[in-house]
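Protein chains: 2
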Amino acid sequence: MAPQLDGFFKQVDDLSGHFIDRLGKAVAIPSVSSDAARRPDVVRMAHFLETELKALGAEVELRPLGKQPDNPSLDLPPVVLARYGRDTAKRTILVYGHYDVQPAEKTDGWNTEPFELTVGEDGRMLGRGSTDDKGPVLGWLNAIEAHQKAGVDFPVNLLMCFEGMEEYGSEGLDELIEAEAKNFFKDAEAVCISDNYWLGTEKPCLTYGLRGCNYYAIEVSGPGQDLHSGVFGGTAQEPMTDLSRVLATLVDTDGKIQIPGIAEQVAPVTADEASLYDNISFTMDTLHESLGSTTTIFEDKKSTLMARWRYPSLSIHGVEGAFSAPGAKTVIPAKVIGKFSIRTVPNMEIDKTNALVFQYVKDQFAKLGSKNTVKVSALHTGNWWVASPKHWNFSAAAKAVERVWGVAPDFTREGGSIPVTLTFEQATGKNVLLLPMGSSTDGAHSINEKLDKRNYIEGIKLLGAYLHYVAVEPTQ
Amino acid sequence: MAPQLDGFFKQVDDLSGHFIDRLGKAVAIPSVSSDAARRPDVVRMAHFLETELKALGAEVELRPLGKQPDNPSLDLPPVVLARYGRDTAKRTILVYGHYDVQPAEKTDGWNTEPFELTVGEDGRMLGRGSTDDKGPVLGWLNAIEAHQKAGVDFPVNLLMCFEGMEEYGSEGLDELIEAEAKNFFKDAEAVCISDNYWLGTEKPCLTYGLRGCNYYAIEVSGPGQDLHSGVFGGTAQEPMTDLSRVLATLVDTDGKIQIPGIAEQVAPVTADEASLYDNISFTMDTLHESLGSTTTIFEDKKSTLMARWRYPSLSIHGVEGAFSAPGAKTVIPAKVIGKFSIRTVPNMEIDKTNALVFQYVKDQFAKLGSKNTVKVSALHTGNWWVASPKHWNFSAAAKAVERVWGVAPDFTREGGSIPVTLTFEQATGKNVLLLPMGSSTDGAHSINEKLDKRNYIEGIKLLGAYLHYVAVEPTQ
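Line order of the protein sequences matches chains A and B. With this note's numbering, you'll find the first sequence wraps up at 476, consecutive numbering, no jumps. With this note's numbering, you'll find the second sequence wraps up at 1476, consecutive numbering, no jumps.
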């Protein structure tokens, strides 16, 4: 039997002004994690959450994470760990969010004060952190409060993990998650992360996959120092010539990776998976608008989405050590470092991919017959993540979406990475669901970041509804 | 009959302390032309020369050049025009030098104060401008003074043109030279520029050729703004991919330019010219030392010098608009501009070379089948220069070198450009000679710039001796 949600929903509507005020209070705390001078505000934001959670009856701990690695005089902000409910008859769900934000200054081009939540007639709620990720974090608190005020029994035991360094590399978080997997998080039966976005603006989605990212550097060096092209042009083999010739062999204009063995690792598309793409709410027009151009590789939606989500891609990011300023400078750079990355997908293996890349770059360089030297290395690697969208965690969320939004969600992947997703999956061994609240136009890291009032209020209902459905969803 | 120079030479030796003091006074004026705050010092340096020249009995004019184009509130420093002698029975020689210098700060890594001439036990005279180009400029003044004090008749009428913006693009100078070609410079029968360096440290040279430089930009653009490689990798054609693929087609590792038609423009090597290379004082070891590596294209002296002086070369300088900092950034740049230049030689024509480059880049880009757009343009062009080393201006200078240094000079070209050389040749229609004073190790634009006392004092003798030989050298 479907959960009875009307009372909860009505209470969310009745409390909507209160919930918007709560978001306003949170946005007013400029918890910019990348700015050392703002660290006290980040800590203040942790205390704000602690106070609000305690007022709702949750057990709360602020966990220190030690010093910031690249600034050892600075304490990392604490992770807020909270538990609401200890009923052994109920399922236990672990949710994650972050309470830090990207930097923002009015002078960056904001139409409103970034740290004042400004609600427009059109329902756009502008403010730094509104959608990334204070709205979703408060969504869980608001869902608890609406249950209490509606007198509806909370359907699960809720474990919460809210961090304050997500916008600065989640320093210290992986270790905490691994340590707490068998402690604070040990009862968790599934994980839900609300820190991404709908594919568009009209239709909710559930995200079951993310690509990984292996980032490479090709360093070519020869001369002992930069040279003048007048004096040495024609005399010395030039590292920049060699690097250009190697970079050119990596990928073609249509994105086909030229490194042998990469394509062979990619999991074949199953019929089940292929069927997920057909009805996804997405148009090439939307893509052209995001790109600001029509220079796409594919002309159709399905090929484009598959290229973005479930096939690897290779991008050349730039060259370090060469002349990069405007104007003309007649330098022969002595050492240049080309940077490129491969977005990885199931079933690519990091080590195998690295080995293929290293060998290919060395082979291509060897073909040049150059006396210069080459080094190729991985600057960082991060694995892909994919969950089964058939898992009860997803099917419960899908039912909640249908109940709140009246439409079946799209099942999507994302081309980028949210590394904490993989960490939670690996540390807890449980299914992880990405359940977005905001829409694709929210501008999370941009000026005029916003969350639509509709997405916030219906999003609170969705988070609550998800907990009701997940509480009763049969395991398969 | 060879000129009688012993009295002049002895006087130079007797006055060497005085001449070093004069250089010290000049070095003490920080006439940095690129620094607007130093402009009064540049003007002060012009007045210093005016005063010294007038004391020697020269007629002097300080010619204003108007406002600095990129800073219209700033007056350009004047050109010092001077004439010494009006004897219609004598030849008239025009000499050029510059009295401005490169920036220098002790904190850049100088061992001494850059604007204090410091004479070491080893004869190294350290100071900004010592070799570039205050030593040579004062060389002409010193030669006049030594003639006067020795009671030796000055062998020519000397026209002098000393500018104060050479290190900042010689703003305004071309127009002045063109205007004065039929006025202040109208009597000039030959031109001598002392603003370059010996090929090595032990043997003087006379320089009869310079390469030109055409500097190109290839701009590839697609998306409306930079993109995230996670979100858009595999979706959009990437400008950086296309640019890398085009850059790779320009030149091979051994410096062979791949653009059809370039090589065909190059003048064939004559037997006369080829013979100039055999005895040149230059070793591959010296080159390896300058390079800081052994990554040369050729293994032998002659091929190397010809590649540097009389064949074109192509260097890729870098990429504007892409990620160029250390570290890893997963950006897909929306617009990238690759910069490269071609060092040009006789008989390459600028317009023809540009046309070949533009067509080739467009053809290579077209082969990619990309929807991105390409623009290729020349950021600047400058012609090559080559004079006949058989001209009486050179043969006189060669005799002067043999008299002062006891050795026949090497006849050299340079791979870089000194644009004023070509301007003087074209404006006056006269033969131009490059007669260097300093050696290859002087570090003109570097920290610890120096001029060896030997090069300065023997250089003063050389400039004077050159004027004696040029006064009597028969025209062919």
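Built from N, CA and C at the ideal position, the CB exists for glycine as well.
For the region 241-268 of chain A, the set of residues with a beta-carbon nearer than 9 Å to any beta-carbon of chain B comprises Thr-241, Asp-242, Leu-243, Ser-244, Arg-245, Val-246, Leu-247, Ala-248, Thr-249, Leu-250, Val-251, Asp-252, Thr-253, Asp-254 and Gly-255, in chain order. Proximity of the region 1047-1064 of chain B to the region 1137-1147 of chain B meets the contact definition, three or more beta-carbon pairs being nearer than 8 Å. In the same chain as Trp-1392/B, and ignoring 5 residues on each side of it, the C-beta atoms closer than 6 Å to its own belong to Glu-1473 and Thr-1475, in chain order.
Residue range 1229-1232 is occupied by the alpha helix (DSSP H) that includes Val-1231/B. Below 8 Å, too few C-beta pairs join the region 1192-1204 of chain B and the region 1213-1225 of chain B to call them touching: fewer than three. Here the region 1192-1201 of chain B makes no contact with the region 1345-1358 of chain B; the two share fewer than three CB pairs at distances below 8 Å.
Nearest in C-alpha terms to Pro-1040/B, of all of Cys-1161/B, Asn-1455/B and Met-1165/B, is Met-1165/B. For the pair Lys-371/A and Val-220/A, the Cα-to-Cα distance works out to about 10 Å.
Taking the Cα of Gln-1426/B as reference, the smallest distance to any Cα among Glu-1059/B, Asn-1383/B, Phe-1394/B and Ala-1444/B is reached at Asn-1383/B.
Residue pairing by DSSP puts Ser-341/A in a beta bridge opposite Tyr-215/A and Ser-315/A.
Here Ser-1395/B carries a helix assignment [DSSP, helix/strand/coil].
Following the DSSP letters along the chain, one finds Val-27/A inside the alpha helix (DSSP H) bounded by residues 16-27. Taking a C-beta distance under 9 Å as the contact criterion, Thr-1092/B and Leu-1199/B do not qualify as a contact pair.
In summary, Asp-21/A is exposed, with fewer than 16 beta-carbon neighbours lying within 10 Å of its beta-carbon over all protein chains present. Look at the region 1248-1333 of chain B and you find these whole runs of alpha helix (DSSP H), each 4 residues long or longer: 1262-1265, 1271-1278, 1284-1291 and 1301-1309. Look at Arg-1063/B here: in three-state DSSP terms it is strand.
For Val-1386/B, the three-state secondary structure derived from DSSP is strand. Listed along the chain, the chain A residues whose CB falls inside 8 Å of the CB of Ile-1297/B are Gly-234, Thr-235, Ala-236 and Gln-237. Of the other Cβ atoms in all chains shown, 16 or more fall within 10 Å of the Cβ of His-317/A; this residue is therefore buried. Contact between the region 1266-1281 of chain B and the region 1241-1248 of chain B is absent, with fewer than three C-beta pairs closer than 8 Å. Looking at Tyr-277/A, Asp-278/A and Glu-299/A, the one whose alpha-carbon comes closest to that of Met-284/A is Glu-299/A. Along the length of the region 31-116 of chain A, whole alpha helix (DSSP H) runs at least 4 residues long occupy 39-55, reported in chain order. Under a 10 Å Cβ-count criterion, Gly-1230/B is classified as buried, with 16 or more other Cβ atoms of the shown protein chains found around its own Cβ.
In this structure Lys-1399/B is buried. Its beta-carbon is surrounded by 16 or more other beta-carbon atoms within 10 angstroms.
In the DSSP assignment, Lys-450/A falls within the unbroken beta strand (DSSP E) covering 450-452. Using a Cβ-Cβ cut-off of 9 Å, Glu-1273/B does not count as an interface residue toward chain A, since no Cβ of chain A sits closer than that to its own. Membership of Asn-157/A in the beta strand (DSSP E) is indicated by the continuous run 157-163.
Nearest in C-alpha terms to Ser-341/A, of all of Thr-296/A, Ile-259/A and Glu-289/A, is Ile-259/A. Under the Cβ criterion of 9 Å, Val-319/A is counted among the residues facing chain B.
For the 9 Å CB-CB criterion, Thr-353/A and Ile-218/A do not form a contact. Around the CB of Leu-1126/B, 16 or more other CB atoms lie within 10 Å, so the residue is classed as buried. Around the beta carbon of Asn-157/A, a 10 Å sphere encloses 16 or more other beta carbons of the protein chains shown; the residue is thus reported as buried. In the DSSP annotation of this structure, the continuous segment of the alpha helix (DSSP H) that includes Val-137/A starts and ends at 135-150. With contact defined as three or more Cβ pairs closer than 8 Å, the region 1018-1034 of chain B and the region 1093-1111 of chain B are in contact. A contact is defined here as three or more CB-CB pairs under 8 Å, and the region 228-242 of chain A fails this definition with respect to the region 1232-1243 of chain B. Contact check for Gly-321/A against Lys-301/A fails: the beta carbons are separated by 9 Å or more.
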